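Note sheet for the following structure.
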Amino acid sequence: MTPRLEVRPFAQGDLDALYRICVQTMDAGHDATALFADPQLPGAFYAAPYVVKDPALCLLACLDGQPCGYVLGTDDSVAFREWCEVSWFPSLRRRHPMPVEQDSSRDAAMIRLIHAGYQPHPDLAAYPGHLHIDLLPCTQGRGVGRQLISAFSDLLRSRGCPAVHLGVSEANPGACAFYEKVGFELLGKYPGWRAYGRILVS
Ligand SMILES: CC(C)(COP(=O)(O)OP(=O)(O)OC[C@H]1O[C@@H](n2cnc3c(N)ncnc32)[C@H](O)[C@@H]1OP(=O)(O)O)[C@@H](O)C(=O)NCCC(=O)NCCS
Numbered sequence: 131m132t133p134r135l136e137v138r139p140f141a142q143g144d145l146d147a148l149y150r151i152c153v154q155t156m157d158a159g160h161d162a163t164a165l166f167a168d169p170q171l172p173g174a175f176y177a178a179p180y181v182v183k184d185p186a187l188c189l190l191a192c193l194d195g196q197p198c199g200y201v202l203g204t205d206d207s208v209a210f211r212e213w214c215e216v217s218w219f220p221s222l223r224r225r226h227p228m229p230v231e232q233d234s235s236r237d238a239a240m241i242r243l244i245h246a247g248y249q250p251h252p253d254l255a256a257y258p259g260h261l262h263i264d265l266l267p268c269t270q271g272r273g274v275g276r277q278l279i280s281a282f283s284d285l286l287r288s289r290g291c292p293a294v295h296l297g298v299s300e301a302n303p304g305a306c307a308f309y310e311k312v313g314f315e316l317l318g319k320y321p322g323w324r325a326y327g328r329i330l331v332s
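Here you go:
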C-alpha cells in the first residue's frame, strides 16, 4: 500500500521528532547524528526555540503518521532574537559552557552558535520573517517541500508579515536549487552561506 502522506500543524509531543529530523538533515541535508556527541544540539538552535515560542508557526510532514519533515520559523526575527536571549539561550549556555578555542568538534561549533545567539543580518531587515525547512529522504522529491513553503507563506501572510528570508549553506546546492524553484530570490552571498528571500505581499 502507498504510504499515507499528510501535512499537519505541530502538536504537543512532536518536539522530540523535530530534534531528530534536525540532526538527521544537518550535514548539508544529510544525516549528522554520528558527528555529534550530543545530537540534540542542532535542534536546540535551529528547531526547538521556534516551536516553544510560537508553535502555530510549525507544520509537519508525516508518513503513515510518523513525522518526517517540518517547516518552522518566525514572522519577526528581531522579536525572536529578543525572546531567545531572555527565555531560551540562558539555560542552554549554563548547561553548555563555551568550548576552548582548540575544540574543533561539531558539538563545539554548535555551542559557540548558542553562545553567540541568533543574529538577524542587517542586510535582511526588509524580510522580517525567517524559516527552516528539513525533510527526511523518505519525503523528499515528492512536492512536500513546495507544499510546506506555500502553507508557511500563507501563515506568515495571515499575520501581516511582508517578506521572509532564510540562510542556506553553500555546501547544499540542492537546497539552493529548491528555493529558487519555489519562489525565493538570492539576496546575498556570504562566507559559506547564501541568503534567499521571498516577498509575501503584493
Ligand atoms: C530541500 C528540501 C526542503 C526540498 O524539498 P522537496 O520536497 O524534496 O522538494 P519538492 O519535491 O517540493 O521540489 C520542488 C521543486 O524543487 C526542485 N528541487 C527539490 N530538491 C532539489 C534538488 N536537490 N536539486 C534540484 N532541484 C530540486 C524540484 O525538482 C521541484 O522542481 P519542479 O517544481 O520544477 O518540479 C528537502 O529535499 C530537504 O529537506 N532536504 C534535506 C534538508 C535540507 O537540505 N534542508 C534545507 C536546509 S537550508
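Heads up: the sequence shown begins at 131 in this note's numbering, then just goes up one per residue.
Here a beta-carbon is modelled for each residue, glycine too, at the ideal position from N, C-alpha and C.
Nothing here was measured: the structure is a model prediction, and the numbers come from that model.
About 23 Å separates the beta carbon of THR132 from that of ASP264, a gap too long to meet the 8 Å contact definition. For ligand 1, no non-hydrogen atom lies closer than 7 Å to the CB of GLN249. Only residues of its own chain outside the window of five on either side were considered, and among them ILE241, ARG242, HIS245 have a CB closer than 8 Å to the CB of MET228, listed in chain order.
Between GLY203 and the set GLY313, HIS160, GLY173, GLY271, the nearest pair of CA atoms involves GLY173. Taking C-beta atoms as the reference points, LEU189 and TYR176 fail to come closer than 8 Å. Short note on ALA177: C-beta not closer than 7 Å to any heavy atom of ligand 1. For PRO197, the secondary structure class from DSSP, reduced to helix, strand or coil, is strand. By a beta-carbon distance limit of 8 Å, HIS295 does not contact LEU330. Their separation comes to about 11 Å.
Segment contact: the stretch 298-310 against the stretch 154-169, three or more CB-CB distances shorter than 8 Å; contact assigned.
Contact check for ARG211 and GLY259: beta-carbon distance about 13 Å, past the 8 Å limit, so the pair fails to qualify. Counting other Cβ atoms within 10 Å of its Cβ, ARG324 reaches 16 or more and is therefore classed as buried. Between the C-alpha atoms of THR269 and GLN277 there is a straight-line separation of about 12 Å. Remark: the C-beta of GLN270 is in contact range of ligand 1, defined as less than 7 Å to any heavy atom. The alpha-carbon separation between PRO303 and PRO321 amounts to approximately 15 Å. Setting aside the 5 residues that flank it on each side, CYS152 is surrounded in the same chain by PRO172, GLY173, TYR176, ALA177, ASP264, each with a C-beta closer than 7 Å to its C-beta; the list follows chain order.
Per the C-alpha coordinates, the member of ARG328, GLY318, THR163 positioned closest to LYS311 is ARG328. Taking C-beta separations shorter than 7 Å and ignoring five residues to either side along the sequence, the partners of ALA256 in its chain run ALA293, following chain order.
Cβ contact annotation for LEU193 (same chain, cutoff 8 Å, sequence separation greater than five): PRO133, ARG134, LEU135, CYS268, THR269, in chain order. By the 16-neighbour rule on beta-carbons within 10 angstroms, ALA281 is exposed. With a 10 Å radius around the Cβ and a threshold of 16 neighbouring Cβ atoms, ARG224 comes out exposed. The straight-line gap separating the alpha-carbon atoms of GLU231 and PRO139 is approximately 41 Å.
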